[in-house]
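Notes for the one structure printed next.
Protein chains: 2
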Amino acid sequence: MTESPPRRAAIIGTGLIGGSIGLALRREGWHVSGVDRDQHRAARALHLGALDAVGADPDAEVIFIATPAGAVVEAAVEVLAFGAPDSVVTDVAGVKSPIVAALDHPRFVGGHPMAGSEQEGVDGADARLFEGATWVLTPTANTDPSAYSRVLGVVTSFGADAVAMPAARHDGMVAMVSHVPHLTAAALMTLAADAATEQAALLRLAAGGFRDMTRIAAGHPGIWPDLCLDNRLAIAATLDRLMDAVGGLRTMVTEGDRAGILAVLERAREARLNLPARVLHPDEMIEIRVPVPDRPGVLAEVTTVLGEGNVNIYDLEIAHSAEGPRGVLVLAVDATDAGAAISALSGRGYHPTLRRLAP
Amino acid sequence: MTESPPRRAAIIGTGLIGGSIGLALRREGWHVSGVDRDQHRAARALHLGALDAVGADPDAEVIFIATPAGAVVEAAVEVLAFGAPDSVVTDVAGVKSPIVAALDHPRFVGGHPMAGSEQEGVDGADARLFEGATWVLTPTANTDPSAYSRVLGVVTSFGADAVAMPAARHDGMVAMVSHVPHLTAAALMTLAADAATEQAALLRLAAGGFRDMTRIAAGHPGIWPDLCLDNRLAIAATLDRLMDAVGGLRTMVTEGDRAGILAVLERAREARLNLPARVLHPDEMIEIRVPVPDRPGVLAEVTTVLGEGNVNIYDLEIAHSAEGPRGVLVLAVDATDAGAAISALSGRGYHPTLRRLAP
């Protein structure tokens with residue numbers, strides 16, 4: 001009796017995402033070949049253990065295309081024509097409609113792992129990059145179900161949370177939750193920086209709320225111009241809606257419509273509080289809010305106090321107040337630990353409040 | 001030889017801010033009287049130790065008006081007319097031009113402590129609320145210098161960082177760094193919530209960047225309608241500039257102006273990276289960036305590792321990636337601790353990078 005040979009995969013484009021896919025595949029026992037337009041990058045991926053071999057593999061049963069978005073279609077057409085007849089091909093580009101429209105082939109499944117890293121390039125690759133990430137797949141009416149399920153199985157084996165939706169819906173959603181927020185943060189930061197050149201004290205007045213709102217503007221511009229152009233229709237439509245909403249608020253402000261402003265803020269508050277927390281079993285989770293001074297050491301103190309109380313923190317964020325050096329630590333803990341957490345925190349002079357997370 | 005009697009202060013309006021001022025004054029040895037439109041609230045402030053006595057004090061040398069903004073002018077006019085002839089009066093309202101215009105009196109100094117708390121009301125009062133906070137003072141050409149320096153001395157004794165500027169400039173600045181970001185976050189959150197009612201998966205795609213941008217929308221609407229109306233001109237002007245900037249980006253996106261988009265994002269990135277950190281001696285600080293999986297426990301692990309390495313963390317924030325479950329912990333530590341920090345983190349498999357903070 002002999003062991004069955006490893007399943008074979010190939011990667012085209014061995015940067016951060018391609019390299020991470022290679023590491024995850026090899027961890028799962030696959031044989032992985034890879035190529036890159038830049039031969040040094042492919043060699044580096046081999047050196048880092050993301051590949052078993054540099055080069056094409058005509059026997060690969062799954063091919064990941066992780067090139068820049070503009071090169072996906074050409075690479076996929078070639079692989080679909082010259083690869084094994086039962087192979088499946090998927091990609092990782094952040095905008096799906098143009099690619100899916102050009103590649104409506106039974107053995108192609110569009111994909112978008114919603115994972116990134118501050119580090120660019122293959123040296124930032126990590127086999128665990130996709131654990132807990134949402135990985136969108138965009139099958140069409142022509143997609144072969146077995147091709148889809150093969151890609152789904154691989155993606156799930158990486159620890160990702162796969163979600164299927166039409167390409168156009170994906171593009172509208174990422175315009176809303178990713179592209180437009182990014183552009184808006186950049187616009188706000190630029191305005192403030194412009195104002196600060198005349199008013200040096202301005203940024204001293206910028207407290208936690210402003211820092212939160214502009215934080216994503218600190219990211220590498222990298223692929224953003226491509227994402228913006230590939231998704232231009234959805235982004236333009238979403239920007240129009242944002243400008244309408246902001247314009248509506250402007251009218252309420254100038255016309256003194258106190259009730260209207262209050263209604264918008266109340267509704268936004270409720271929606272933000274109901275934003276699903278990133279926890280595995282929210283029905284078993286309790287949210288604990290701890291008002292804290294926004295100063296060094298508080299975070300370590302609270303996490304240590306809870307660690308001593310044997311309370312496991314599943315999620316944590318710091319809600320800075322809009323003004324000034326106060327904030328709230330928002331913790332998600334197992335419901336069975338809630339009593340211990342409250343007791344430990346109250347014993348150190350904190351005033352925690354509880355809220356059951358909606359299932 | 002007898003001890004000199006305590007200096008006497010009074011507070012009008014004993015809510016969160018008034019109560020915190022009372023606690024801070026008493027900690028500094030003052031005798032504090034206070035009144036509130038709601039007698040139960042004044043009694044509660046007395047019970048909590050924020051006051052020595054409920055009632056007016058004709059001998060108070062400093063009077064803080066901490067009522068809702070709409071009641072400041074009337075209260076101040078009365079106190080200036082009937083209080084001690086050498087007393088000074090200050091307020092805490094978040095918009096200064098209307099108040100300073102109505103009260104251009106030598107013994108009145110407008111003020112705005114940029115501090116708040118998620119807790120509302122006197123039960124959230126805290127003597128340390130103002131430590132490290134920026135406290136704007138808005139003297140005019142008519143302000144008596146000795147009145148100004150008396151208010152400055154008291155505010156500084158609370159641990160606040162006092163900054164003087166004209167009222168109109170203050171109002172323009174808070175429109176930029178506080179009011180408009182808050183309204184924009186509310187508009188974004190509302191749009192996403194609207195879209196999510198039709199597309200249930202939408203908010204599953206909302207990663208750390210979206211969460212950061214909308215976090216302030218989770219705050220209590222409380223005084224926001226009043227702030228918006230009192231500062232309507234500056235807010236409208238700033239919203240117009242924001243809509244211009246967003247509209248400019250929209251044009252670049254629809255016209256395919258890749259270079260223009262890149263230039264905006266590069267400029268915003270540089271400005272955000274240069275946003276001053278809230279540290280006391282930035283010339284002696286090192287910023288450490290640690291790429292981390294955006295999962296429970298990492299924060300506690302990193303802070304604990306550094307604690308074990310005897311490294312003091314002065315500031316900490318989590319930079320979520322725009323998409324997916326990866327992020328970067330950004331830490332400010334004393335430059336002399338940088339080696340120990342790097343060594344402790346590298347020993348646990350992290351890959352920290354260093355940057356000297358600009359002085």
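Residue numbers (our numbering), protein chains in the order written: chain U, 1 to 359; chain V, 1 to 359. Glycine included, every Cβ here is placed at the ideal spot set by N, Cα and C. Note that the structure is predicted; figures quoted are calculated from it, not measured.
Count the other CB atoms, across all protein chains shown, that sit within 10 Å of the CB of residue i; report buried if there are 16 or more and exposed otherwise.
i: Arg355 (chain U); result: exposed
i: Leu16 (chain V); result: buried
i: Ser346 (chain V); result: exposed
i: His281 (chain V); result: Bear in mind that a pLDDT of 44 at His281 (chain V), under 50, signals an unreliable position, so the number given afterwards is only what the model happens to contain. Answer is exposed; the Cβ neighbour count stays below 16.
i: Arg232 (chain U); result: buried
i: Leu377 (chain V); result: Absent from the model: residue 377 (chain V). The displayed extent of chain V is 1 to 359, so no value can be given.
i: Phe82 (chain V); result: exposed
i: Asp230 (chain V); result: buried
i: Arg44 (chain V); result: buried
i: Gly19 (chain U); result: buried
i: Leu51 (chain U); result: buried
i: Thr14 (chain V); result: buried
i: Leu202 (chain V); result: buried
i: Gly111 (chain V); result: buried
i: Ser87 (chain V); result: buried
i: Gly94 (chain V); result: buried
i: His179 (chain V); result: buried
So, using beta-carbon positions, are residue i and residue j closer together than 8 angstroms?
i: Gly256 (chain V); j: Val292 (chain V); result: no
i: Val62 (chain V); j: Val151 (chain V); result: yes
i: Val109 (chain V); j: Thr90 (chain V); result: yes
i: Arg8 (chain U); j: His40 (chain U); result: no
i: Ile11 (chain V); j: Gly34 (chain V); result: yes
i: Ala167 (chain U); j: Val92 (chain U); result: no
i: Ile286 (chain U); j: Val330 (chain U); result: no
i: Asp144 (chain U); j: Arg107 (chain U); result: yes
i: Ser157 (chain V); j: Glu3 (chain V); result: no
i: Pro68 (chain U); j: Arg269 (chain V); result: no
i: Val253 (chain U); j: Ala236 (chain V); result: yes
i: Asp126 (chain U); j: Leu23 (chain U); result: yes
i: Ala53 (chain U); j: Ala84 (chain U); result: no
i: Thr214 (chain U); j: Arg272 (chain V); result: yes
i: Ile361 (chain U); j: His182 (chain U); result: One cannot answer for residue 361 (chain U) here, as it falls past the ends of chain U, which runs 1 to 359.
i: Val302 (chain U); j: Asp337 (chain U); result: no
Does DSSP classify residue i as helix, strand or coil?
i: Pro282 (chain V); result: Residue confidence is low: Pro282 (chain V) scores 43 on pLDDT, short of 50, so the model does not pin down where it sits. No coordinate-derived value is stated.
i: Thr197 (chain U); result: helix
i: Ser4 (chain U); result: coil
i: Leu354 (chain U); result: strand
i: Thr90 (chain V); result: strand
i: Arg37 (chain U); result: coil
i: Pro166 (chain U); result: coil
i: Asn223 (chain V); result: The sequence given here has Ile at residue 223 (chain V), not Asn. Ile223 (chain V): coil per DSSP, three-state reduction.
i: Asp257 (chain V); result: coil
i: Thr67 (chain U); result: coil
i: Leu275 (chain V); result: coil
i: Pro58 (chain U); result: coil
i: His182 (chain V); result: helix
i: Leu329 (chain V); result: strand
i: Glu131 (chain V); result: coil
i: Arg348 (chain U); result: coil
At least 3 beta-carbon pairs within less than 8 angstroms: the region 238-247 of chain U vs the region 178-190 of chain V: yes
Under 7 angstroms (Cβ pairs) to chain V, residues found in the region 215-230 of chain U: Arg215, Ile216, Ala217, Ala218, Gly219, Pro221, Trp224, Pro225, Cys228, Leu229
The region 247-262 of chain U in contact with the region 199-214 of chain V per 3-pair CB rule at 8 angstroms: no
Chain-ordered residues of the region 38-49 of chain U with a beta carbon less than 9 angstroms from chain V: none
Interface positions of the region 197-213 of chain V facing chain U (Cβ-Cβ less than 9 angstroms), listed along the chain: Gln199, Ala201, Leu202, Leu203, Arg204, Leu205, Ala206, Ala207, Gly208, Gly209, Phe210, Arg211, Asp212, Met213
Residues of the region 244-255 of chain V with Cβ closer than 7 angstroms to any Cβ of chain U, in chain order: Of all residues in the region 244-255 of chain V, Ala245, Val246, Gly247, Leu249, Arg250, Val253, Thr254 have a Cβ within less than 7 angstroms of some Cβ in chain U.
Short-range partners of chain V found in the region 15-34 of chain U, where Cβ spacing is below 9 angstroms: Within the region 15-34 of chain U, no residue has its Cβ closer than 9 angstroms to any Cβ of chain V.
Residues, ordered as in the chain, of the region 261-276 of chain U that lie near chain V by beta-carbon distance below 7 angstroms: Ile261, Leu262, Val264, Leu265, Glu266, Arg267, Ala268, Arg269, Ala271, Arg272, Leu273, Leu275, Pro276
Interface residues of the region 86-112 of chain V facing chain U [CB-CB below 9 angstroms]: Gly94, His112
The region 173-188 of chain V: positions lying closer than 8 angstroms to chain U by Cβ: Met173, Val174, Met176, Val177, Ser178, Val180, Pro181, His182, Leu183, Thr184, Ala185, Ala186, Ala187, Leu188
Near-chain U residues of the region 149-165 of chain V - C-beta to any C-beta below 7 angstroms: Val163, Met165
Residues of the region 54-86 of chain U with Cβ closer than 8 angstroms to any Cβ of chain V, in chain order: none
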